[in-house]
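Colleague:
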Amino acid sequence: MGRRANAVATIGTIFALASTMTFEALPAAAAPDTAPRPASGTSAVPPVSPTPQSLARTGRDAAVTGRVLVVAGKDTDAAARTRLVTELKAHGAARVDVVAPGRLPAAAAGLLTVRLGPATRPDIAAALGGTAVPDRAEGYALHVSGAKPGARVTLAGQDAAGQFYAVQTLRQLFVRAGRDWAVAGVRVSDFPSMPLRGTIEGFYGQPWTHAERLDQMDFYGDVKANTYIYAPKDDPYHRGKWREPYPADKLTELGELVNRATANHVRFTFAVSPGESICYSDPADRTALKAKLQALYDLGTRAFSIPLDDISYTRWNCEGDRAAFGEPGREAAAKAQVDLLNDVQRTFVATHEGTQPLQMVPTEYGDLTDTAYKQTMRATLDPAVVVMWTGTDVVPPKITVDEADQVSKLFGRKVFVWDNYPVNDFGNTSGRLLLAPYDKREAGLSSHLSGIVANPMNQPYASKVAVFGTADFTWNDRAYDARTSWPRAMAYLAGGDRRATDALLVLGDLEHMAPTFGATPWQPQAPELARRVEQFWTAWDAGDRAKALTALRSYARAVAQAPAVIRGGAVEKGFTVDAAPWLDATELWGGAMVKTLDALAARQAGNEAASARLLAESNDLQQRARAVRVDPPRNSWGKVQPKVGDGVLDAFLVQADVRLQLWDAAGGGENLALKGTASASSVEQNLDRLAPRHVNDGLLGTRWASGYSDDAWVQVELAAPARVAAVTLAWESACAKQYTVQTSQDGTHWTTVSTQRPETCGNDVVRLPATEPVRYVRMQGVERSTTWGYSIHELGVYGASAS
Numbered sequence: 004m005g006r007r008a009n010a011v012a013t014i015g016t017i018f019a020l021a022s023t024m025t026f027e028a029l030p031a032a033a034a035p036d037t038a039p040r041p042a043s044g045t046s047a048v049p050p051v052s053p054t055p056q057s058l059a060r061t062g063r064d065a066a067v068t069g070r071v072l073v074v075a076g077k078d079t080d081a082a083a084r085t086r087l088v089t090e091l092k093a094h095g096a097a098r099v100d101v102v103a104p105g106r107l108p109a110a111a112a113g114l115l116t117v118r119l120g121p122a123t124r125p126d127i128a129a130a131l132g133g134t135a136v137p138d139r140a141e142g143y144a145l146h147v148s149g150a151k152p153g154a155r156v157t158l159a160g161q162d163a164a165g166q167f168y169a170v171q172t173l174r175q176l177f178v179r180a181g182r183d184w185a186v187a188g189v190r191v192s193d194f195p196s197m198p199l200r201g202t203i204e205g206f207y208g209q210p211w212t213h214a215e216r217l218d219q220m221d222f223y224g225d226v227k228a229n230t231y232i233y234a235p236k237d238d239p240y241h242r243g244k245w246r247e248p249y250p251a252d253k254l255t256e257l258g259e260l261v262n263r264a265t266a267n268h269v270r271f272t273f274a275v276s277p278g279e280s281i282c283y284s285d286p287a288d289r290t291a292l293k294a295k296l297q298a299l300y301d302l303g304t305r306a307f308s309i310p311l312d313d314i315s316y317t318r319w320n321c322e323g324d325r326a327a328f329g330e331p332g333r334e335a336a337a338k339a340q341v342d343l344l345n346d347v348q349r350t351f352v353a354t355h356e357g358t359q360p361l362q363m364v365p366t367e368y369g370d371l372t373d374t375a376y377k378q379t380m381r382a383t384l385d386p387a388v389v390v391m392w393t394g395t396d397v398v399p400p401k402i403t404v405d406e407a408d409q410v411s412k413l414f415g416r417k418v419f420v421w422d423n424y425p426v427n428d429f430g431n432t433s434g435r436l437l438l439a440p441y442d443k444r445e446a447g448l449s450s451h452l453s454g455i456v457a458n459p460m461n462q463p464y465a466s467k468v469a470v471f472g473t474a475d476f477t478w479n480d481r482a483y484d485a486r487t488s489w490p491r492a493m494a495y496l497a498g499g500d501r502r503a504t505d506a507l508l509v510l511g512d513l514e515h516m517a518p519t520f521g522a523t524p525w526q527p528q529a530p531e532l533a534r535r536v537e538q539f540w541t542a543w544d545a546g547d548r549a550k551a552l553t554a555l556r557s558y559a560r561a562v563a564q565a566p567a568v569i570r571g572g573a574v575e576k577g578f579t580v581d582a583a584p585w586l587d588a589t590e591l592w593g594g595a596m597v598k599t600l601d602a603l604a605a606r607q608a609g610n611e612a613a614s615a616r617l618l619a620e621s622n623d624l625q626q627r628a629r630a631v632r633v634d635p636p637r638n639s640w641g642k643v644q645p646k647v648g649d650g651v652l653d654a655f656l657v658q659a660d661v662r663l664q665l666w667d668a669a670g671g672g673e674n675l676a677l678k679g680t681a682s683a684s685s686v687e688q689n690l691d692r693l694a695p696r697h698v699n700d701g702l703l704g705t706r707w708a709s710g711y712s713d714d715a716w717v718q719v720e721l722a723a724p725a726r727v728a729a730v731t732l733a734w735e736s737a738c739a740k741q742y743t744v745q746t747s748q749d750g751t752h753w754t755t756v757s758t759q760r761p762e763t764c765g766n767d768v769v770r771l772p773a774t775e776p777v778r779y780v781r782m783q784g785v786e787r788s789t790t791w792g793y794s795i796h797e798l799g800v801y802g803a804s805a806s
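One gets the working numbering by counting positions in the sequence shown from 1 and adding 3 to each.
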């Protein structure tokens, strides 16, 4: 089953600890209770995820006795009963006896008694002590009485899933009572705010393995997610070969997956995507589609989806569709799709016992524009069919209540959100793990949506961070807080180990970037590190350099040590495999940061030789970090460099390098290029994302790239004439074998002030005489180091205004 985390620190406490000590000083232990103890025999109530609708203390904790009685009947959910026994044995019960209602042994007095079953069972109703069982699907109530003798726990479900979720809450309520265990004395009345909660395996690239999917089902059970949509783009039988039946071995695997999902109260939803080649009007194609669905129904699947995303509706796949639906276009495509979907809903779904309403993904899945396509869907699609929507874009920066209300009107029903986070299969995610919390989804969406499923990464275990938050939000969106949910997700992966949780939070900050399809991410990179770096330079420039060094060096050591802590055994093994290249790179980048801070300290102490040696060691570590590759790759972006705190960590190293090399130079701390205007001789393939303006935007995550010629150049026109002390170039891997730095007062007459022949692609700091004022600074290429053009992340100009 999934991993347990019974006690979780808050993010504020974790980062406060990280600011004052390294991981070497952190004990490897679960987070202690921090809330005050209300009275003798009671403990602080542990955090529960997802956040319950109602949780309140009842009184004394219920001690877990060496022998525990579980009262379960034929109407008790089998999976819930099994998990309950497992949790009791893991928390102090040497013996667990399962007895039928009304069959308690005479020796029951003094033993912890746990009742599990439907809310309508008389003994459960009597033992609930007035705790209400919500009249909602998947709802449950939990009541703990620590009165002696005979402490009792009552778990009542509105349905079988409710019983299972009651046990999932109970497993988080075990608390230490000295050397023994107890159950926190609380009552819980709970239900999900959204009916559909979970994931859709809908990414491009290498699909998850069978073992990884089985593990995901256990994880979804732990976090009360009830939906898994099987829609891997690179499964040929899902898309390209949709007409063909699955081979026997694959069908066997799918059957095992259906069974594991069912055991965890997860609806295995089978998706088949015929849109690339289907002839909507061809009865043979419809027969093939229904045969595919029938094969999965026979395995136990009771939920189906027909995604019609990422296809063209400006052409037909057969002439019969032209005759049946007219010339291709928005309205005709919608007519054809509705005809197919209504047929499947009415002649397959409605005629197969126990089947959930059909789900579909429209071709227009990511906007709020009313079109002939949506109008046709709204007017003619069977009301039972569930329509999916990704937000206002493929990767939306936010989803608001107003947007959800608008789209519900456009499709004539509450929509089901396919949320493309933390998926990392598109260009702007190249080299990234997406470990930021689930965020920017507005409280109150549960009143306007039928649910949300997250599209995860190719890395299944790393995806658990965001999916944990998604499950938390969809269960109780009005109580969701990303700031508390995120550290709980990390604690879950760490099995409750405090030291490993701290390390995961540090890594998560370095992998916090959440890109969109545009230039602006919807979550920033390394916000905690950025805050600390800003504090460092503020203190440094104010003269409090010793304090600045002490504070940031401690956090830098935490960065350098985090990979070893994460690999120390507490964190789920699959996560360490998923994150391996990023862990390798983080250790090197963190080490470089420590060396750079030591170099600053040495230079401050007047030891210039030691400072130079330490800076050289930092540069060596940076080169080694840049040489790390994601290999073997699971993503379509291939063997790329893993990005770690980019734009923050590397920017700090560049700035510190400049400060060290310009220690005595006037105005050495200000990058004048940021207020200038960049231009270039050429841009690779005229791509806007490689335009010269990126060379002075202050972001190391962007870059300029030239055409494929040795004599290409890029320049910055300063806002005002300045005496330039140094020029910095942060090269991408396509750097120069030789180049010159040129300056000009008028942009016409140029003076070569330095010729450079760098040995490696990295950060070059070129010192200049800073005598005469100049207005223009140019990198003039002489010889490329690759067959590509020149590529520079940032061109910095440091000096003082001539005025």
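Here a beta-carbon is modelled for each residue, glycine too, at the ideal position from N, C-alpha and C.
From THR25 to ALA559, what distance separates their C-alpha atoms?
Modeller: Position 22 of the sequence shown, counted from the start, is the residue given in the question as residue 25. Position 556 of the sequence shown, counted from the start, is the residue given in the question as residue 559. Note on THR25: pLDDT 45, under 50, position unreliable in the model; the coordinate value appears next. The straight-line gap from Cα to Cα measures roughly 9 angstroms.
Colleague: With a 10 Å radius around its C-beta and 16 neighbouring C-beta atoms as the bar for buried, classify TRP666 as buried or exposed.
Modeller: The residue given as residue 666 occupies position 663 in the sequence shown. With fewer than 16 Cβ atoms within 10 Å of its Cβ, TRP666 is classed as exposed.
Colleague: Taking LEU343 as the reference, give the member of SER488, VAL410, PRO286 with the closest Cα.
Modeller: Counting from 1 along the sequence shown, the entry for residue 343 is found at position 340. The shortest C-alpha separation from LEU343 is found at PRO286.
Colleague: May I ask you to verify whether the segment 159 to 175 touches the segment 595 to 610, counting CB pairs closer than 8 angstroms and requiring at least 3?
Modeller: They do not touch, by the three-pair rule.
Colleague: Of all the alpha helix (DSSP H) runs that stay within the bounds of the segment 268 to 342, which reach a length of 4 or more residues?
Modeller: For the segment 268 to 342, whole alpha helix (DSSP H) runs of length 4 or above, ordered along the chain, are 286 to 300, 322 to 328.
Colleague: If you compare alpha carbons, which of VAL102, THR79, GLN759 is closest to LEU72?
Modeller: Here residue 72 is taken as the residue at index 69 of the sequence shown, counted from 1. Cα-wise, what sits closest to LEU72 is VAL102.
Colleague: What are the partner residues of THR755, as DSSP defines its beta bridges?
Modeller: Here residue 755 refers to the residue found at position 752 of the sequence shown. GLN745, per the DSSP bridge assignment.
Colleague: Starting from the Cα of TRP592, find the closest Cα among VAL647, ALA582, ALA612 and give me that residue.
Modeller: To locate residue 592, count along the sequence shown from 1; it is residue 589. Out of VAL647, ALA582, ALA612, VAL647 has the C-alpha closest to the C-alpha of TRP592.
Colleague: Pick out whichever of VAL727, ASP162, TYR207, ARG190 has its Cα sitting closest to the Cα of SER433.
Modeller: Translated into positions along the sequence shown, residue 433 becomes position 430. Closest by alpha carbon: TYR207.
Colleague: Three-state secondary structure (DSSP) at SER639?
Modeller: In the sequence shown, residue 639 corresponds to position 636, counting from 1. Correct three-state label for SER639: coil.
Colleague: Do HIS355 and TYR300 have their CB atoms nearer than 8 angstroms?
Modeller: As a working mapping, residue 355 is identified with position 352 in the sequence shown. As a working mapping, residue 300 is identified with position 297 in the sequence shown. Their beta carbons are under 8 angstroms apart, which means HIS355 touches TYR300 by this criterion.
Colleague: How far does the alpha helix (DSSP H) with ALA164 in it reach, from first residue to last?
Modeller: For this step, residue 164 is matched to residue 161 along the sequence shown. Run containing ALA164: 163 to 173, per the alpha helix (DSSP H) assignment.
Colleague: For VAL48, which residues from the same chain have a beta carbon less than 8 angstroms from its beta carbon, with the 5 sequence-adjacent residues on both sides left out?
Modeller: Taking the first residue of the sequence shown as position 1, residue 48 is located at position 45. Closer than 8 angstroms at Cβ, skipping near neighbours: ALA38, LEU58, ARG60, LEU176, ALA187, VAL189.
Colleague: With a threshold of 7 angstroms on Cβ separation, who are the neighbours of ASP324 within its own chain once the five nearest residues in sequence on each side are excluded?
Modeller: Taking the sequence shown and counting its residues from 1, one reaches residue 324 at position 321. Taken in chain order, the residues that qualify are CYS282, TYR283, SER284, ALA339.
Colleague: Are there 16 or more other CB atoms within 10 angstroms of the CB of SER449, so buried, or fewer, so exposed?
Modeller: As a position in the sequence shown, residue 449 is number 446, starting the count at 1. When all chains shown are included, SER449 counts as buried.
Colleague: Can you tell me which of VAL686, SER308, ALA588 puts its alpha carbon nearest to the alpha carbon of ALA652?
Modeller: Along the sequence shown, one-based indexing puts residue 652 at 649. Ala is not the amino acid found at residue 652; the sequence shown has Leu there. Checked all of VAL686, SER308, ALA588; the closest Cα to LEU652 is ALA588.
Colleague: In this structure, how does DSSP classify ASN766 when only helix, strand and coil are distinguished?
Modeller: One-based indexing of the sequence shown puts residue 766 at position 763. Note: ASN766 maps to strand in three-state DSSP.
Colleague: Let me know the secondary structure DSSP gives ASN674 once reduced to three states.
Modeller: On the sequence shown, position 671 is the one that residue 674 refers to. Strand.
Colleague: Which same chain residues end up closer than 6 angstroms to THR473 when comparing Cβ atoms and leaving out the 5 residues on each side of it in sequence?
Modeller: Translated into the one-based positions of the sequence shown, residue 473 becomes position 470. Same-chain partners within the cutoff: TYR441, ALA457.
Colleague: Measuring only the C-alpha atoms, how far is GLY498 from TRP525?
Modeller: Residue 498 sits at position 495 when you count from the first residue of the sequence shown. Residue 525 sits at position 522 when you count from the first residue of the sequence shown. Their backbone Cα atoms lie some 29 angstroms apart in a straight line.
Colleague: Between GLY329 and ALA337, is the Cβ-Cβ spacing less than 8 angstroms?
Modeller: The count along the sequence shown starts at 1 and reaches residue 329 at position 326. The count along the sequence shown starts at 1 and reaches residue 337 at position 334. No, Cβ-Cβ distance for GLY329 and ALA337 is not below 8 angstroms.
Colleague: Counting only C-beta atoms, is THR731 closer than 8 angstroms to chain C at any point?
Modeller: No chain C is part of this structure, which consists of one protein chain only.
Colleague: Quick one, which of LEU663, ALA228, ASN229, PRO250 has its alpha-carbon nearest ASP238's?
Modeller: Sequence index remark: in the sequence shown, residue 238 carries index 235 (1-based). That would be PRO250, whose Cα lies nearest to the Cα of ASP238.
Colleague: Smallest Cα separation from ALA739: which of LYS642, ILE795, LYS253?
Modeller: By one-based count along the sequence shown, residue 739 stands at place 736. It is ILE795.
Colleague: So, do the segment 544 to 562 and the segment 595 to 605 have three or more beta carbon pairs nearer to each other than 8 angstroms?
Modeller: With the cut-off at 8 angstroms, the segment 544 to 562 and the segment 595 to 605 touch.
Colleague: Since VAL719 contacts GLY679 with CB under 8 angstroms, what's their CB separation in whole angstroms?
Modeller: Numbered from its first residue, the sequence shown carries residue 719 at position 716. Numbered from its first residue, the sequence shown carries residue 679 at position 676. That pair is a contact at about 4 angstroms.
Colleague: Is SER682 helix, strand or coil by DSSP?
Modeller: Translated into the one-based positions of the sequence shown, residue 682 becomes position 679. Of the three classes helix, strand and coil, the one that applies to SER682 here is strand, per DSSP.
Colleague: Could you work out which residue in GLY447, ALA164, ALA327 is closest to GLY142 when comparing CA atoms only?
Modeller: Taking the first residue of the sequence shown as position 1, residue 142 is located at position 139. Closest option to GLY142, Cα to Cα, is ALA164.
Colleague: So, are the CB atoms of LYS642 and VAL631 less than 8 angstroms apart?
Modeller: Here residue 642 is taken as the residue at index 639 of the sequence shown, counted from 1. Here residue 631 is taken as the residue at index 628 of the sequence shown, counted from 1. Cβ distance not < 8 angstroms, so LYS642 and VAL631 don't count as in contact.
Colleague: Ignore the nearest five residues each way along the sequence and tell me which others in ASN262's own chain have a CB closer than 7 angstroms to its CB.
Modeller: Here the question's residue 262 lines up with position 259 in the sequence shown. Same-chain partners within the cutoff: GLY303.
Colleague: Quick check on the burial criterion: 16 or more other C-beta atoms within 10 angstroms. Buried or exposed for LYS295?
Modeller: Reading the sequence shown from its first residue, position 292 is the one you call residue 295. Classification for LYS295: buried.
Colleague: Buried or exposed: where does HIS697 fall if 16 or more other Cβ atoms within 10 Å of its Cβ makes it buried?
Modeller: For the purposes of this step, residue 697 is taken as residue 694 along the sequence shown, with counting starting at 1. Buried: at least 16 other Cβ atoms inside 10 Å.
Colleague: Quick check: the Cα distance between LEU438 and ALA715, rounded to an integer number of angstroms?
Modeller: Along the sequence shown, read from residue 1 onward, the residue named residue 438 stands at position 435. Along the sequence shown, read from residue 1 onward, the residue named residue 715 stands at position 712. C-alpha separation (whole angstroms): 38 angstroms.
Colleague: Please state whether DSSP places TRP392 in a helix, a strand or coil.
Modeller: Your numbering for residue 392 matches position 389 in the sequence shown. Of the three classes helix, strand and coil, the one that applies to TRP392 here is strand, per DSSP.
Colleague: Just grab the DSSP bridge partners of GLU797 for me.
Modeller: Within the sequence shown, residue 797 is the residue found at index 794, counting from 1. Answer by DSSP bridge pairing, in chain order: ALA733.
Colleague: Give every residue of the same chain whose Cβ lies closer than 8 angstroms to the Cβ of LEU413, excluding the five residues on either side of it in the sequence, and list them in chain order.
Modeller: In the sequence shown, the residue the question calls residue 413 occupies position 410. Closer than 8 angstroms at Cβ, skipping near neighbours: LEU371, ASP373, LYS377, ARG381.
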